[in-house]
Amino acid sequence: MISEKQEKEMIRIHVMGKTYEVPAGLTIMDAMEYAGYRFTRGAGCRSGFCGACSTVYRYEGDYRLQFALACQETAADGMYLVQLPFTPAPRAKYDIEKINLKENVLLQYYPEIARCVSCNTCTKACPQDIEVMDYIQAALRGDIAKTAELSFDCIQCGLCSMRCPADIKHYHMAQMARRIYGRYMSPVPQHLENRLQEIADGAFDAELDKLVNMSREELEEAYAARVSEEASAGSERSE
Amino acid sequence: MNKLEKLTYFPGCTLKDTASDFEISGMAVMEALGYVLEELERWNCCGTVFSLTDDDLMHQIGPVRDLIRAQEAGSEEIITLCSMCYATLKRSSLFVNGNQERLDKINAFMNKEIDYEGKVSVHHLLEVLRDRIGWEKVEERVTNPLEGLSVAPFYGCTLLRPQEIAIDDPDAPTVLQDLTQALWATPIDYAYSVECCGAYQVVDHRDVVIERTHRIMSAARRAGADVIVTSCPLCHFNLSDTQKELVRTIPDYEEMPIIYFTQLMALGFGVEAGKIPASLKAKVKRLQTVKGEG
Numbered sequence: 002m003i004s005e006k007q008e009k010e011m012i013r014i015h016v017m018g019k020t021y022e023v024p025a026g027l028t029i030m031d032a033m034e035y036a037g038y039r040f041t042r043g044a045g046c047r048s049g050f051c052g053a054c055s056t057v058y059r060y061e062g063d064y065r066l067q068f069a070l071a072c073q074e075t076a077a078d079g080m081y082l083v084q085l086p087f088t089p090a091p092r093a094k095y096d097i098e099k100i101n102l103k104e105n106v107l108l109q110y111y112p113e114i115a116r117c118v119s120c121n122t123c124t125k126a127c128p129q130d131i132e133v134m135d136y137i138q139a140a141l142r143g144d145i146a147k148t149a150e151l152s153f154d155c156i157q158c159g160l161c162s163m164r165c166p167a168d169i170k171h172y173h174m175a176q177m178a179r180r181i182y183g184r185y186m187s188p189v190p191q192h193l194e195n196r197l198q199e200i201a202d203g204a205f206d207a208e209l210d211k212l213v214n215m216s217r218e219e220l221e222e223a224y225a226a227r228v229s230e231e232a233s234a235g236s237e238r239s240e
Numbered sequence: 004m005n006k007l008e009k010l011t012y013f014p015g016c017t018l019k020d021t022a023s024d025f026e027i028s029g030m031a032v033m034e035a036l037g038y039v040l041e042e043l044e045r046w047n048c049c050g051t052v053f054s055l056t057d058d059d060l061m062h063q064i065g066p067v068r069d070l071i072r073a074q075e076a077g078s079e080e081i082i083t084l085c086s087m088c089y090a091t092l093k094r095s096s097l098f099v100n101g102n103q104e105r106l107d108k109i110n111a112f113m114n115k116e117i118d119y120e121g122k123v124s125v126h127h128l129l130e131v132l133r134d135r136i137g138w139e140k141v142e143e144r145v146t147n148p149l150e151g152l153s154v155a156p157f158y159g160c161t162l163l164r165p166q167e168i169a170i171d172d173p174d175a176p177t178v179l180q181d182l183t184q185a186l187w188a189t190p191i192d193y194a195y196s197v198e199c200c201g202a203y204q205v206v207d208h209r210d211v212v213i214e215r216t217h218r219i220m221s222a223a224r225r226a227g228a229d230v231i232v233t234s235c236p237l238c239h240f241n242l243s244d245t246q247k248e249l250v251r252t253i254p255d256y257e258e259m260p261i262i263y264f265t266q267l268m269a270l271g272f273g274v275e276a277g278k279i280p281a282s283l284k285a286k287v288k289r290l291q292t293v294k295g296e297g
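As you go down the protein sequences, you meet chains V and W in turn. With our numbering applied, the first sequence covers 2 to 240. With our numbering applied, the second sequence covers 4 to 297.
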C-alpha cells in the first residue's frame with residue numbers, strides 16, 4: 002500500500018520518450034510497472050542477483066548515460082528510461098576437461114580481448130562496480146586467477162559487452178576463467194573431500210534408512226522436535 | 004644485506020606470458036645489483052604500437068592510464084624491460100607531458116581516474132644500467148666472466164627509433180656492446196644489429212621475416228657470434244621461430260641461441276637466468292672449465 006503522503010509526492014519519468022507521473026521512491030522497475038509496462042523479459046529475481054534487468058538511463062540535462070539494475074536503482078525525477086531485454090553475445094563452446102592451460106586459453110577462445118584499448122567504458126557500465134577492464138587486461142596476459150578474482154561479483158548482466166567499442170564479450174570470457182580456476186587452480190577443500198568420502202563409505206546410511214522407514218506421524222513429531230542448526234550453532238543468522 | 008632500492012616496474016603482457024624468462028632473469032640480475040623491480044599494482048597493456056594519429060587521443064588512453072598508475076603509486080618514472088612497451092609508453096609520455104590541451108582532453112574522458120599531471124617519465128632498464136648503475140658496478144658483480152663468448156647485439160627498432168625516444172645513437176648504438184664487455188664477453192660487429200626483424204609482417208608476410216632472419220643470422224654467424232642478445236620479445240620470437248623454419252629448409256643450417264640481455268647478465272652473475280638454450284649453456288660451461296684449468 003502506498004500511504005497518502007507518498008502518493009502526493011510524485012516524480013516524472015520518461016519511458017521510451019513518453020512522460021509518466023509515478024510515486025517517488027519506487028525502483029526503476031516498479032516505476033515502469035506503475036506506468037503500465039509489463040515485463041516478460043528483462044526481469045528476474047527482483048533482488049539484484051540474477052542480472053536480468055540491466056538498464057540504461059539518462060537524466061535530463063546530463064550528457065552521460067547511466068547504468069544500473071532496474072530492480073535496485075531508485076527512479077528519480079527526470080529519468081529517461083528503457084529496459085534491455087537481452088544482450089546478444091556469443092559464448093565460446095569448450096570442454097572443461099580438455100583445456101590446455103599451457104597456452105593462453107582465454108585468448109584462444111575469446112581472441113577479441115586483444116582488441117582492448119583500455120578505454121574503461123566497460124568498468125563505467127558495470128552495475129556491480131567490478132574493475133572490468135582490469136580483468137580483461139589480466140586475461141590478456143594469461144592471468145586466469147586474477148581474472149577469476151576480479152570478476153567474482155559478476156552477475157552476467159551484459160552491460161559491459163553492450164558498451165565495449167572493441168566488441169569484447171567480457172562476462173562470458175570471465176565466466177570461463179572462473180570455471181577454469183575452479184576446475185584446475187583453486188585449492189581442494191579438505192573438509193568437503195572428507196565428507197564425500199564419509200558418504201561414500203556409508204556413514205549416514207543408517208540414519209537415512211531410519212528416516213525412510215518412519216511413518217508420517219513419526220516424521221511430523223521428529224520435525225517438530227528438531228534442533229535447528231541456527232540454535233545449536235548459536236549463529237546470528239535469522240530466517 | 005643492504006636494503007634494495009626500488010624501481011617502479013612496468014612488465015607488459017608478453018613478459019607475463021611468452022617472455023617470462025626475460026622477467027625472471029631481469030628480476031634476478033637487478034636484485035644482484037641491489038635493486039628491486041617493483042611491479043605496478045594495476046596496469047594495462049601499453050597498446051604495443053604507438054598510435055601515429057595525431058588528433059585521435061582515444062589511442063593514447065591505454066598508455067596514459069599506465070602513467071596514471073605510476074602517479075598513483077607515487078612514482079615519477081616507469082622502468083620497462085620490454086623495448087616495445089618502452090617505445091609505446093615513452094612516445095605517449097612525450098606526446099602528452101607538458102601539453103595541457105591534450106592532458107585536459109584525456110583527463111576529461113577518463114572521468115573515473117585521477118587526473119594525469121604529465122610528470123611521469125619512461126625509461127628502459129638498459130638506461131638504468133648505463134646511466135645510474137654504471138658498467139663498472141655491473142662488472143664488479145660478475146662471478147662467471149663470459150670470457151671467450153662472442154655476442155651479437157640485436158637492437159631492433161623500438162629502442163632506437165624514432166630519434167626522440169632513442170636510448171642511444173640510433174645509427175651506431177653501443178649500449179649492448181658495453182654491457183657485453185662489462186660481462187667479459189666479446190661484442191661482435193656486424194651490419195644488421197639495428198635492422199628491423201620484420202615485426203608484425205610475420206602474420207601476413209612470413210616470407211619477409213624469413214628472408215630478414217636469414218640475412219641477420221648469417222651475418223652474425225659470419226662475424227663469429229655464438230649468441231644473439233636482444234631486448235625485444237617480438238624480435239626474439241621472430242628470430243627464434245623463423246630459425247626453426249631455416250633449420251628445416253636449409254641443409255646444414257645450425258641454430259644460433261637467441262637470449263635477452265638480462266639472461267646474458269644472469270649467466271655472468273651466476274643467478275637465475277630462465278630457460279637458456281642447451282647449446283649456449285654447454286658453451287658457457289666449457290669456457291669456464293677451460294678457464295678453470297688454465
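Ideal Cβ positions, reconstructed from N, Cα and C, are used throughout, including at glycine. No experiment lies behind these values; they were computed from the predicted model shown.
Exercise. Are the C-beta of Val106(V) and some C-beta of chain W separated by less than 8 Å?
Worked result: Chain W, which has no Cβ nearer than 8 Å to the Cβ of Val106(V), makes this no.
Problem set entry | Residue from Glu194(V), Asp202(V), Leu151(V) with nearest C-alpha to Arg259(V) | In the structure displayed, chain V extends from 2 to 240; residue 259(V) sits before or after that span and is not available.
Problem set entry | Nonlocal neighbours in the same chain, by C-beta distance under 7 Å from Gln166(W), ignoring five residues either side | Taken in chain order, the residues that qualify are Pro173.
Exercise. Between the region 276 to 291 of chain W and the region 143 to 162 of chain W, are three or more C-beta pairs nearer than 8 Å?
Worked result: The region 276 to 291 of chain W and the region 143 to 162 of chain W touch, with no fewer than 3 CB-CB distances between them shorter than 8 Å.
Exercise. What residue from Asp63(V), Met186(V), Glu10(V), Arg65(V) has the CA that sits closest to Gly26(V)'s CA?
Worked result: In terms of CA proximity to Gly26(V), Glu10(V) leads the group Asp63(V), Met186(V), Glu10(V), Arg65(V).
Exercise. Which value, in whole angstroms, describes the spacing of the CA atoms of Asp135(V) and Ile97(V)?
Worked result: Between Asp135(V) and Ile97(V), the C-alpha separation is close to 24 Å.
Exercise. Can you list the beta strand (DSSP E) stretches of 3 or more residues lying completely in the region 29 to 59 of chain W, in chain order?
Worked result: Correct list: 38 to 42.
For this session: Give the straight-line distance between the Cα atoms of Leu116(V) and Pro24(V), rounded to the nearest whole angstrom.
Result: According to the sequence as given, residue 116(V) is Arg; it is not Leu. Looking at the backbone, the Cα of Arg116(V) and that of Pro24(V) are separated by about 44 Å.
For this session: Pull up the distance between the alpha-carbon of Phe264(W) and that of Val141(W), whole angstroms please.
Result: Straight-line Cα distance between these residues: approximately 13 Å.
Exercise. So is Val133(V) in contact with chain W if we call contact Cβ pairs under 8 Å?
Worked result: It does not: the Cβ of Val133(V) has no partner Cβ on chain W nearer than 8 Å.
Exercise. What residues of chain V sit near Asp57(W), judged by a beta carbon separation below 9 Å?
Worked result: Simply none; closest approach about 17 Å.
For this session: Work out the CA separation of Asp244(W) and Glu199(V) for me, nearest whole Å.
Result: Asp244(W) has its alpha-carbon roughly 53 Å from the corresponding atom of Glu199(V).
Problem set entry | Nonlocal neighbours in the same chain, by C-beta distance under 7 Å from Arg94(W), ignoring five residues either side | Excluding the 5 residues flanking it on each side, Arg94(W) has same chain C-beta neighbours closer than 7 Å at Phe53, Ile168, in chain order.
For this session: Determine the direct distance from the alpha carbon of Val32(W) to that of His127(W), and round the result to whole angstroms.
Result: About 15 Å.
Exercise. From what residue to what residue does the alpha helix (DSSP H) around Arg196(V) run?
Worked result: Per DSSP, Arg196(V) belongs to the alpha helix (DSSP H) from 191 to 201.
Exercise. Taking the alpha carbon of Cys161(V) as the point to measure from, which residue in Ser119(V), Arg196(V), His192(V), Glu208(V) has its own alpha carbon closest?
Worked result: Residue Ser119(V) holds the alpha-carbon nearest to the alpha-carbon of Cys161(V) among Ser119(V), Arg196(V), His192(V), Glu208(V).
Exercise. What residues from the region 147 to 163 of chain V come within 7 Å of chain W, judged by C-beta to C-beta, listed N to C?
Worked result: Residues: none.
For this session: Would you identify the three-state DSSP class for Gln73(V), choosing helix, strand or coil?
Result: Here Gln73(V) carries a coil assignment [DSSP, helix/strand/coil].
Exercise. Three or more beta-carbon pairs under 8 Å between the region 253 to 262 of chain W and the region 225 to 232 of chain W, yes or no?
Worked result: Output reads yes: the region 225 to 232 of chain W touches the region 253 to 262 of chain W.
Exercise. Which chain V residues are close to Met87(W), counting only those with a beta carbon under 9 Å from its beta carbon?
Worked result: Within 9 Å Cβ-Cβ: nothing; Met87(W) doesn't reach chain V, min ~14 Å.
For this session: Report yes or no: is there a C-beta of chain W within less than 8 Å of the C-beta of Gln138(V)?
Result: Chain W, which has a Cβ nearer than 8 Å to the Cβ of Gln138(V), makes this yes.
For this session: Let me know the secondary structure DSSP gives Asp191(W) once reduced to three states.
Result: Note that residue 191(W) corresponds to Ile in the displayed sequence, not to Asp. Ile191(W): coil per DSSP, three-state reduction.
Exercise. What are the residues of the region 64 to 86 of chain W that lie near chain V, defined by any Cβ-Cβ distance shorter than 7 Å?
Worked result: Listed in chain order, the positions of the region 64 to 86 of chain W with a beta carbon within less than 7 Å of a beta carbon of chain V are Ile64, Gly65, Arg68.
For this session: Using a Cβ-Cβ cut-off of 8 Å, state whether Asn121(V) counts as contacting chain W.
Result: Yes, Asn121(V) lies at the interface with chain W (some Cβ there is under 8 Å from its Cβ).
Exercise. Under 7 Å Cβ-Cβ, which residues of chain W neighbour Arg142(V)?
Worked result: At a beta-carbon threshold of 7 Å, the residues of chain W lying near Arg142(V) are Cys16, Lys19, Asp20, ordered along the chain.
Exercise. How would you label Gly297(W), buried or exposed, when you count the other beta carbons within 10 angstroms and need 16 or more for buried?
Worked result: Low local confidence applies: a pLDDT of 48 at Gly297(W) is under 50, so the model's placement there is unreliable, with the coordinate-based value given in what follows. Result: exposed.
Exercise. Which chain V residues are close to Asn100(W), counting only those with a beta carbon under 9 Å from its beta carbon?
Worked result: The CB of Asn100(W) never comes closer than 9 Å to any CB in chain V; the least such distance is about 18 Å.
Exercise. Which residue spans inside the region 154 to 189 of chain V form an unbroken alpha helix (DSSP H) run of at least 4?
Worked result: At a cut-off of 4 residues, the continuous stretches assigned as alpha helix (DSSP H) that sit fully inside the region 154 to 189 of chain V are 160 to 164, 171 to 181.
Exercise. Does the region 73 to 90 of chain V touch the region 37 to 46 of chain V, meaning 3 or more C-beta pairs lie closer than 8 Å?
Worked result: Under the three-pair Cβ rule at 8 Å, the region 37 to 46 of chain V counts as touching the region 73 to 90 of chain V.
Exercise. Helix, strand or coil: which one does DSSP assign to Lys19(V)?
Worked result: Strand, per DSSP.
For this session: Taking Ser23(W) and Gly277(W) to be in contact with their CB atoms under 8 Å, please state how far apart those CB atoms are, rounded to whole angstroms.
Result: The beta-carbon separation of Ser23(W) and Gly277(W), rounded to 7 Å, stays under the 8 Å limit for a contact.
Problem set entry | Alpha carbon of Phe68(V) to alpha carbon of Met80(V), nearest angstrom | Just so you know, the alpha carbons of Phe68(V) and Met80(V) end up roughly 12 Å apart.
For this session: Output, in chain order, the set of chain V residues within a Cβ distance shorter than 9 Å of His62(W).
Result: By Cβ distance, chain V contributes Val118.
Problem set entry | Closer than 8 Å to chain V by CB, Arg45(W) | Yes, because at least one Cβ of chain V sits closer than 8 Å to the Cβ of Arg45(W).
Problem set entry | Within chain W, partners of Lys125(V) - CB distance below 7 Å | Residues of chain W with a Cβ closer than 7 Å to the Cβ of Lys125(V) are, in chain order, Lys115.
Problem set entry | Endpoints, the beta strand (DSSP E) within which Gln84(V) is located | Counting along the chain, the beta strand (DSSP E) containing Gln84(V) begins and ends at 80 to 84.
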